[in-house]
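Enquirer:
Residue numbers (the numbering used here), protein chains in the order written: chain A, 1 to 358; chain B, 1001 to 1290; chain C, 2001 to 2232.
Next up, the structure:
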């Protein structure tokens, strides 16, 4: 994560702009250990815990993608359940009808998600801000209604994913686990790279002003399109994983608005526009769900209320609040100006946005 | 199931959609807030009426004025206490906040009333109809709802154009900072706008409860229908919203006639998407003023 | 007692300080002109008086009473009215409706819509037209008329001459006399020094967030004003 992007001399002082600090290199080391731990987990973690982690990782991947859309392209979608549902049904189609191995079918699901996202983007991008959000919801409803009305897909009562059911249990659970882990890592890496890129910085500064974006040479429409398609493919992929995981697909569940509600709440509570935010949000979600499950749907209401409180009183989310206080980022997205003077001590100044070097 | 009959039913249904849509449009117009909880707020009055009817056993029609008053207070306080804080924070924050409220309302209703279907029983009125000929009968209830929608839209136009408060709504809509400098308390105006929107929603919500069964999950589709009517008609025009509602209603009933009842809602969505693709500003959009 | 008194106001936009210890007194019946270059803090000062901005330190007294934490609409009730920079008429409302919105608080006083039409006869035939279709000069007249409808004791004018033809500017400054006669005190902010100095009774010259020079136009020489304006 060593990323000195430029270094210029100014008088007798030298500036160099860094994205990462030395602490972050330590973090990188720890991160690799964590990733290895997660990869090996199914061998020692036991089936119930591994199953639970599939849920955890799926939600984390989805939240990260939603975060990418909002944090990177200013797109606010409440229709991601459409892609999740289509991913689940595509998996069923490839696995049970076309007899492709389910773990290969997942890839086809991602493609279908991307293919659906393209014309969808062309339609909903005609709407602005909040109305765009409802537009994505309409498209999700359309997909759900179509699927629920096709007899061959089992209609409203759904279908069993036979190919997944007939798989050996340990293989199925490990396979879904690694797919979920892979999806999460890809989502995190893609989000990190995009948020940190030049376009990412420019977009952050001028997100809500189309004119300013265009004049900075950022093709906002195309950037939004790419992001929308990436998110669509990713959500379909996770939907396919969940179909293998629960062995059953049904329109009411696969296309449920609650999917999107989880993503929004998790991301908002954790912190929009950061990679750590959705991770913290997903942990909070799981802690709430596991500790209050016996009280029924209350945890969901509590989660919603928490998201409301955070939105109004601490819009940067829990992680944003912590980061602001400590100026510490596990995944540093903003750049730091390091003054390398003649004195040995180097000073770090955090600076928002790109244009720091003199 | 004659085409003409389905057409008439579609127009009447469109009036009902318009009743939900004008509230959404009013809130967007005065404060640029897209209220994703609007759909769920159309379900709340039906449950309020249900509680009243269960407690004192009177006609659901009598519950309408009381529900209107309750919903006004709910809207005013919701806006003043919570939503006013984000009106000036951009539309993303508004969407997230109202989406959160939407999910909380829906799940709170599920906890309080379960997912069972409910109905506001109004006696014989829901089965009475005017028989025009063999194939065409107009139900009294859909007709009444349509006329109420008409009265509400005309009333709202008169309110906005002829009263001092209505002028203040429009001034705030045009330029909220200039409105404040003219002595208008924008926080109060926004809260009034939400109150008025929910009064209209109360009428539509209770009427729907009399007409059909409902459950807590109805909110999502109510929001989507209202939204589709607003976009089809063109934002910021009361008559456009009515037209949008009618086109949506017609699409649904004629779609049911042409492709079978399961495809009715989908036909509505598709017509909406076609209009969005071809004329995103809506059919009766006002010319853009600088 | 002065009508408006600003005591050592320090005003910020987030972290950026725009006014440093600005103090001034506006007496009843005056035409008080604030001049200075772009970004000198004149408009910030007006926004502080109208209530759009709140000083972090310092006090505002209107008629002897503190108003610093009063919302803008309460200040209109007290008789402070603003003609904002760039006119800011309500574009979708008609000319007449714009005037009626100006009277929203219903402060009693001499000004009525007919009074405004007498002051600016050019508005009379435009009564039912949407304000968005008006020319710059017509919009400026409407913005002033709209402000007068609240029967202000103190009217704040932000760059009223900006972007207008000289003949229109002349007509607007001619209207100042009628405003004074109706009991208004005028606090005007201008970049264009020429016109405003012919009518002002008191001048304050802003430079980089501070008042560099104050006095009656008669007491100040052109060189003094130029020096204060450009900071040389």
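From the three backbone atoms N, C-alpha and C, an ideal C-beta is built for every residue, glycine too.
(1) Given that a residue counts as buried once 16 or more other Cβ atoms are within 10 Å of its Cβ, and exposed if not, what is residue 290 (chain A)?
(2) Quick one: measure Cβ to Cβ for residue 42 (chain A) and residue 144 (chain A), integer angstroms, because I've assumed they're closer than 8 Å.
(3) Under DSSP, the beta strand (DSSP E) around residue 2186 (chain C) begins and ends at which residues?
(4) What residues in its chain sit with their C-beta under 7 Å from that of residue 2016 (chain C), if we drop five residues either side in the sequence?
(5) Taking the beta carbon of residue 397 (chain A) as the centre, do at least 16 other beta carbons fall within 10 Å, making it buried, or is it exposed?
(6) Does the separation of the CB atoms of residue 50 (chain A) and residue 241 (chain A) fall below 7 Å?
(7) Report, in whole angstroms, the separation of the C-beta atoms of residue 231 (chain A) and residue 68 (chain A), which I expect to be a contact under 8 Å.
(8) If you pair each beta-carbon of the stretch 1134-1143 of chain B with each one of the stretch 298-311 of chain A, do three or more pairs fall below 8 Å?
(9) Taking a cut of 7 Å between CB atoms, which residues from the stretch 2077-2103 of chain C lie near chain B?
(10) Taking only runs that begin and end inside the stretch 2074-2140 of chain C, name each unbroken beta strand (DSSP E) of 3 or more residues, in chain order.
(11) Which of the residues in the stretch 1233-1253 of chain B, read from start to end, lie with their CB under 8 Å from any CB of chain A?
(12) Does chain B have any CB closer than 7 Å to the CB of residue 130 (chain A)?
(13) Identify, in the order they occur along the chain, each residue of the same chain with its Cβ nearer than 7 Å to the Cβ of residue 317 (chain A), setting aside the five sequence neighbours on each side.
(14) Counting only Cβ-Cβ distances shorter than 8 Å, please list the residues of the stretch 295-327 of chain A near chain B, keeping chain order.
(15) For residue 1133 (chain B), which option in B:1005, B:1075 and B:1280 has the closest C-alpha, if you only look at C-alpha atoms?
(16) Hey, residue 2179 (chain C) and residue 2155 (chain C) are a contact pair by Cβ (cut 8 Å); roughly how many whole angstroms apart?
(17) Closest Cβ-Cβ distance between residue 1289 (chain B) and chain A: below 7 Å?
(18) On the CB-based measure, 16 or more other CB atoms within 10 Å of its CB, does residue 168 (chain A) come out buried or exposed?
(19) Under DSSP, the beta strand (DSSP E) around residue 295 (chain A) begins and ends at which residues?
(20) Say whether chain C places a C-beta atom closer than 7 Å to the C-beta of residue 1182 (chain B).
(21) 7 Å is my cut-off, CB to CB: does residue 2072 (chain C) come that close to chain B?
(22) Could you tell me which of A:324, A:48, A:263 and A:93 sits nearest to residue 164 (chain A), measuring between CA atoms?
(23) In angstroms with no decimal places, state the Cα-to-Cα distance between residue 2113 (chain C) and residue 2123 (chain C).
(24) Roughly how many angstroms lie between the CA atoms of residue 248 (chain A) and residue 1085 (chain B), to the nearest whole one?
(25) Please go through the same chain and pick out, in chain order, the residues whose beta-carbon is closer than 7 Å to the beta-carbon of residue 1180 (chain B), but skip the five residues on each side of it.
(26) Tell me residue 2042 (chain C)'s beta-bridge partners as DSSP assigns them.
(27) Does the beta-carbon of residue 2084 (chain C), which I'm using as the reference point, lie nearer than 6 Å to any heavy atom of the ligand FMN?
(28) Which same chain residues end up closer than 7 Å to residue 88 (chain A) when comparing Cβ atoms and leaving out the 5 residues on each side of it in sequence?
(29) If you run the structure through DSSP and keep just helix, strand and coil, what is residue 2157 (chain C)?
(30) Is the stretch 2194-2201 of chain C touching the stretch 2155-2174 of chain C in the sense that three or more CB pairs, one from each, lie closer than 8 Å?
(31) List the residues of chain C that residue 947 (chain B) touches, going by C-beta distances under 9 Å, in chain order.
(32) For residue 2010 (chain C), list the residues DSSP reports as bridge partners.
(33) Does residue 126 (chain A) have its Cβ less than 7 Å from a Cβ in chain B?
(34) Pull up the distance between the alpha-carbon of residue 2007 (chain C) and that of residue 2095 (chain C), whole angstroms please.
(35) Residues in the same chain with beta-carbon distance under 6 Å from residue 181 (chain A), minus the five sequence neighbours each way, listed in chain order, please.
(36) Contact criterion: CB-CB distance below 7 Å. Does residue 1117 (chain B) meet it with respect to chain C?
Expert: Inspection of the coordinates gives the following:
(1) exposed
(2) Actually they do not touch by this definition, with Cβ atoms about 33 Å apart.
(3) 2185-2190
(4) So the list is empty, once near-sequence residues are dropped.
(5) Here chain A covers residues 1 to 358 and nothing more, so residue 397 (chain A) does not appear.
(6) No, Cβ-Cβ distance for residue 50 (chain A) and residue 241 (chain A) is not below 7 Å.
(7) 6 Å
(8) no
(9) 2077, 2082, 2084, 2088, 2090, 2091, 2092, 2093, 2097, 2100, 2101 and 2102
(10) 2080-2083
(11) none
(12) Answer yes: the Cβ-Cβ gap between residue 130 (chain A) and chain B drops below 7 Å somewhere.
(13) 268, 269, 270, 271, 272, 277 and 310
(14) 296, 297, 298, 300, 301, 304, 305, 307, 308, 311, 312 and 315
(15) B:1005
(16) At roughly 7 Å, the Cβ-Cβ gap stays under 8 Å, so residue 2179 (chain C) and residue 2155 (chain C) are in contact.
(17) In this prediction, residue 1289 (chain B) has a pLDDT of 34, which is less than 50 and means its spatial position is unreliable; what the coordinates show is noted afterwards. Not closer than 7 Å to any Cβ of chain A, the Cβ of residue 1289 (chain B) fails to qualify, so no.
(18) Residue 168 (chain A) is exposed by the Cβ-count criterion.
(19) No beta strand (DSSP E) holds residue 295 (chain A); DSSP gives it neither H nor E.
(20) yes
(21) yes
(22) A:93
(23) 10 Å
(24) 43 Å
(25) 1186
(26) Bridge partners of residue 2042 (chain C): none, in fact.
(27) The model on display carries no ligand, and the ligand FMN is accordingly not part of it.
(28) 239, 240, 242, 243, 249 and 254
(29) strand
(30) Here the stretch 2155-2174 of chain C makes contact with the stretch 2194-2201 of chain C; the two share three or more CB pairs at distances below 8 Å.
(31) The structure shown does not extend to residue 947 (chain B), since chain B is modelled only from 1001 through 1290, so no value can be given for it.
(32) C:2057
(33) At least one chain B Cβ lies under 7 Å of residue 126 (chain A).
(34) Roughly 38 Å between the two C-alpha positions.
(35) 38 and 57
(36) Residue-level contact check: residue 1117 (chain B) does not touch chain C, since none of the beta carbons of chain C fall below 7 Å from its beta carbon.
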